[in-house]
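Trainee: Chains as they are written, first to last, in the numbering used here: chain A, 10 to 287; chain B, 1132 to 1511. Structure in structure tokens, see below.
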Amino acid sequence: MRRTPRFNINGILVNAAALVLVLSYALPYVYLLMTSIKPAADVQQIPPSFLPAVVSLENFREVLQSSALPKAFASSLAVAVLTTVLSLAVAVPAAYVATQYRRKITTLFLLFALVTRMVPSVSLGMPLFQLLKSLGLLDTIPGLVLAHTSTAVPLALLLMSAFFEGVPKELEEAARMDGCTRFQAFRKIILPVMIGGIAVTALFTFITSWNEFLYALLLTSEATKTAPIVIAEYNSVYGLAWGAMTAAAVLYSLPVIVVTLALQKQIVGGLTFGAVKG
Amino acid sequence: MSAIELRNMNKVYGNSFHALQDLSFDIRDGEFMVFVGPSGCGKSTALRMIAGLESITSGELRIGGRLLNDVDPKDRDIAMVFQSYALYPHKTVRENIAFPLQMAGLPKTEIAKRVDEAARTLELTTLLDHRPAILSGGQRQRVAMGRAIVRKPAAFLMDEPLSNLDAKLRVQMRAEIASLQRKLIVTTIYVTHDQVEAMTMGDRVAVMKGGVLQQVDTPQNLYNRPDNVFVAAFIGSPSMNLYEAVLNGTTLTLGSNSFEIPDRVFEYRPSLNGVSNRQVIVGIRPEHMNDAAIRRSSAEFSAPVTLVEALGSESLVHLNIDAPWVDAGDPDAVADIGDEKAAIARFSPKSTVRAGDIARVAVDAEELHFFEPDTRTSIW
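Below you can see the structure in the form of structure tokens.
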């Protein structure tokens, strides 16, 4: 016998709330996208229109033909990739040891990592400036990578710790009984098992560095200026170049969107890792 | 040669918890030894110390005569099967079984040959290209076994490998593991809390409690000649019934009942000869109490029946014996339905006793066990 579908008020309310949430997040981005494809003359019209009267790519042509943006993109990419690699190289083994070989000191270590997240970035700006200046790393890619890594490592450490909590200790022990050293067990067994968690952490670390503005503003100038700074510079004493700025912002957001969509499966798998034991 | 020798092995943790105290005994080459005991008895700790996954605080561990106290697990030539199987989820069954051989640096052709051989032995051939996630519990257990046997190690260590399986599969797998061990003739240490597994699988069984070895012997000897009250109650299901009693000459007084002890008991327990009013702990196994209406005995007593569990092949009859009950000290002992102090008798299914009746119970008095009330050790 077929069951009559029941009117599910809870389901409707949850879906309606989700829709409102999605729209409130998506609306500014959609407006950014719409503005970027308006002809320069229409961008600042009063009253503003949401949809473009004519679709134009002139804003994109303008930003891509300027020398500043492609160079800033390259800087951003280099800094974000190197920050991600360096942060994971530090945080993944550290989180593994802190969770699998739990001692008082490892708990303190994780707590300390959490505390560093509570310090406002702006208060660390000047010490970092002085430090990099004394090392001769101001306005260099390695300098900004170190600055970004200092903020990304605690985040990566906390994320990876949460993922490693779900790894049974027997997995490493089995590998050691099967002929591995502790390091081999970590490299050959634990890391491949954690690939979903590592992908999620890598993505968050990449986005943190890719979007970072304050340290990039403080620690770089012409040589290694990153894209967020260049985008902000469209607002100058000569006026606000809305069209170019929105086009640059759209281009800058694309890599993150593409990577997130490409890694969607791993991200969802990674975020729910440990919730369901296989 | 891969005999395992344990000499005064101790494990003391950082918080001063003494998990294992002076564990000493030998496991012969090719022997199937079972460590059994309730939770927290130190059996898994002992196994992990032999594996090298826990450090040895003091004492000596030798395998094949080689001192292994400070040798890394990978260099001990031991294979281990874990309770959770610990299969590598990102590897196929074939890769899981081949992994220890790859780590040993064997040539690819030899690895393929040995993996196929192990897969045939364990009936895993059709599953070789599957990942562990899609396998059933029994199949995962076989893969874990495959990973252990493929190496041809000096010894197998198994840490409660059947505890995650359902009851039916457990019975099947325990027979398979026992027969596999006898076929391979590899020294094996098997840890379990299930005394039925211990009795059915082991050549010898080491009974442990609170980090202390209670007795090591063959299953039959543990059943027939337990060294103390704990072993007596732990081995056998349902447990041995233990009560305080008084022995005066040849008369045993159990609560308000008295019966005569046959001469044969005094022949193999000479310490009991000629005692007068001696306090003892008497142990009666359920199978040594019968319905007197069906099978008579010279030693009989009456007791109210509180519950009858008819199992088809037998009836477990719960009796209220009015003598002081003795706690064997098993922390895992499950309280019986109703009254944990009830004695359990294994009656013939033909018995017609019902709950509420006063049953006449015939005791097979030659099979009684006697223990010192103070030391709780057997009186011989």
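For each residue, glycine too, the CB sits at the ideal point set by N, CA and C.
Below 8 angstroms on the Cβ atoms is my contact criterion, and I expect L1450(B) with A1476(B) to pass it. Report the Cβ-Cβ distance as a whole number of Å.
Mentor: The Cβ separation is near 6 angstroms, so the contact holds.
Trainee: Just confirm the distance between the C-beta atoms of T1200(B) and I1187(B), as a whole number of angstroms; I'd bet it's less than 8 angstroms.
Mentor: The sequence shown places Asn at residue 1200(B), not Thr. Yes, N1200(B) and I1187(B) are in contact; Cβ-Cβ is about 5 angstroms, under 8 angstroms.
Trainee: Between D187(A) and chain B, is any beta-carbon pair separated by less than 7 angstroms?
Mentor: With 7 angstroms as the cut-off, D187(A) counts as an interface residue toward chain B.
Trainee: Using the Cβ count rule (16 or more neighbours within 10 Å means buried), how would you classify I1366(B)?
Mentor: It counts as buried.
Trainee: DSSP has D1208(B) in a bridge; who is on the other side?
Mentor: The partner list for D1208(B) (beta bridge, DSSP) is empty, contrary to what the question assumes.
Trainee: Here's the rule I'm using: 16 or more other beta-carbon atoms within 10 Å means buried, otherwise exposed. How should L1154(B) be labelled?
Mentor: That one is buried.
Trainee: Check each candidate in L1403(B), G1380(B), M1371(B), F1397(B) and name the one with the smallest Cα separation from A1459(B).
Mentor: Cα-wise, what sits closest to A1459(B) is M1371(B).
Trainee: Since T190(A) meets chain B, which of its residues come closer than 7 angstroms, beta carbon to beta carbon?
Mentor: Within chain B, the residues near T190(A) are K1205.
Trainee: Is T1323(B) helix, strand or coil by DSSP?
Mentor: Residue state, collapsed to three classes: strand.
Trainee: If you run the structure through DSSP and keep just helix, strand and coil, what is A1466(B)?
Mentor: Note that A1466(B) scores a pLDDT of 49, beneath 50, so its modelled location is shaky; the value from the coordinates is reported in the next line. Looking at A1466(B) - three-state DSSP - the assignment turns out to be coil, as it is neither helix nor strand.
Trainee: Name, in chain order, the residues that DSSP records as bridge partners for A1441(B).
Mentor: Beta-bridge pairing links A1441(B) to S1446(B).
Trainee: Of all the CB atoms in chain B, is at least one closer than 7 angstroms to the CB of A183(A)?
Mentor: Yes, A183(A) lies at the interface with chain B (some Cβ there is under 7 angstroms from its Cβ).
Trainee: Examine chain B for any beta-carbon lying closer than 7 angstroms to the beta-carbon of E179(A), and answer yes or no.
Mentor: True, the Cβ-Cβ gap to chain B drops below 7 angstroms.
Trainee: I believe V1246(B) touches I1228(B) by the beta-carbon criterion, under 8 angstroms. Please report the beta-carbon distance rounded to the nearest angstrom.
Mentor: At roughly 5 angstroms, the Cβ-Cβ gap stays under 8 angstroms, so V1246(B) and I1228(B) are in contact.
Trainee: Kindly list, in the order they appear in chain A, the residues whose Cβ is closer than 8 angstroms to that of M1211(B).
Mentor: What M1211(B) touches in chain A: E182, A183, M186.
Trainee: Buried or exposed for A232(A), going by 16 or more other Cβ atoms inside 10 Å?
Mentor: Burial call: exposed.
Trainee: Determine whether the Cβ of V106(A) lies closer than 7 angstroms to any Cβ atom of chain B.
Mentor: Chain B, which has no Cβ nearer than 7 angstroms to the Cβ of V106(A), makes this no.
Trainee: Taking 7 angstroms as the threshold (C-beta atoms), are S245(A) and V88(A) in contact?
Mentor: Going by C-beta atoms, V88(A) is not nearer than 7 angstroms to S245(A).
Trainee: Going along the region 194 to 208 of chain A in order, which residues come within less than 7 angstroms of chain B, judged by CB to CB distance?
Mentor: From the region 194 to 208 of chain A, only I198, P201, V202 have a Cβ closer than 7 angstroms to chain B.
Trainee: Is the Cβ-Cβ distance between P1480(B) and E1431(B) less than 7 angstroms?
Mentor: Not closer than 7 angstroms, so no.
Trainee: Comparing alpha-carbon positions, which option in T116(A), S143(A), T149(A) lies nearest L167(A)?
Mentor: Closest option to L167(A), Cα to Cα, is T116(A).
Trainee: Under the rule that 16 or more other beta-carbon atoms within 10 Å means buried, what is T1257(B), buried or exposed?
Mentor: T1257(B) comes out exposed.
Trainee: For a cutoff of 7 angstroms on Cβ pairs, would you count A1249(B) as touching chain A?
Mentor: So, not an interface residue.
Trainee: Who are the near neighbours of A208(A) in its chain, counting only those whose CB is closer than 8 angstroms to its CB and skipping five residues on each side?
Mentor: The residues are L272, Q275, I276, G279.
Trainee: Whose CA, out of N1146(B), D1260(B), E1498(B), lies closest to the CA of A1363(B)?
Mentor: That would be E1498(B), whose Cα lies nearest to the Cα of A1363(B).
Trainee: Identify, in the order they occur along the chain, each residue of the same chain with its Cβ nearer than 8 angstroms to the Cβ of L60(A), setting aside the five sequence neighbours on each side.
Mentor: Contacts found: M43.
Trainee: With a cut-off of 8 angstroms, do at least 3 Cβ pairs link the region 1228 to 1242 of chain B to the region 183 to 201 of chain A?
Mentor: Contact between the region 1228 to 1242 of chain B and the region 183 to 201 of chain A is present, because at least three Cβ pairs lie under 8 angstroms.
Trainee: CA-CA distance, E67(A) and S132(A)?
Mentor: Looking at the two C-alpha atoms, the distance is approximately 40 angstroms.
Trainee: Along the region 1169 to 1194 of chain B, what residues have a CB closer than 7 angstroms to any CB found in chain A?
Mentor: The region 1169 to 1194 of chain B vs chain A, Cβ under 7 angstroms: A1182, L1184.
Trainee: Using a Cβ cut-off of 7 angstroms (strictly closer), state whether F1397(B) contacts chain A.
Mentor: No, its Cβ sits nowhere closer than 7 angstroms to a Cβ of chain A.
Trainee: What residues are listed by DSSP as bridge partners for R1138(B)?
Mentor: DSSP, once it has assigned bridges, lists E1191(B) as partnering R1138(B).
Trainee: Which same chain residues, not among the five before or five after R1305(B), have their C-beta less than 7 angstroms away from its C-beta?
Mentor: Closer than 7 angstroms at Cβ, skipping near neighbours: L1293, E1328, T1331, M1332.
Trainee: On the CB-based measure, 16 or more other CB atoms within 10 Å of its CB, does Y224(A) come out buried or exposed?
Mentor: Buried.
Trainee: Under 7 angstroms, CB to CB, which of the residues in the region 1228 to 1248 of chain B have a partner in chain A?
Mentor: Those residues of the region 1228 to 1248 of chain B that come within reach of chain A (Cβ to Cβ, closer than 7 angstroms) are F1230, P1231, M1234, A1235.
Trainee: What are the complete alpha helix (DSSP H) segments, minimum 4 residues, inside the region 1309 to 1369 of chain B?
Mentor: List check, alpha helix (DSSP H) in window: 1326 to 1332, 1350 to 1355, 1360 to 1365.
Trainee: Given that a residue counts as buried once 16 or more other Cβ atoms are within 10 Å of its Cβ, and exposed if not, what is V29(A)?
Mentor: That one is exposed.
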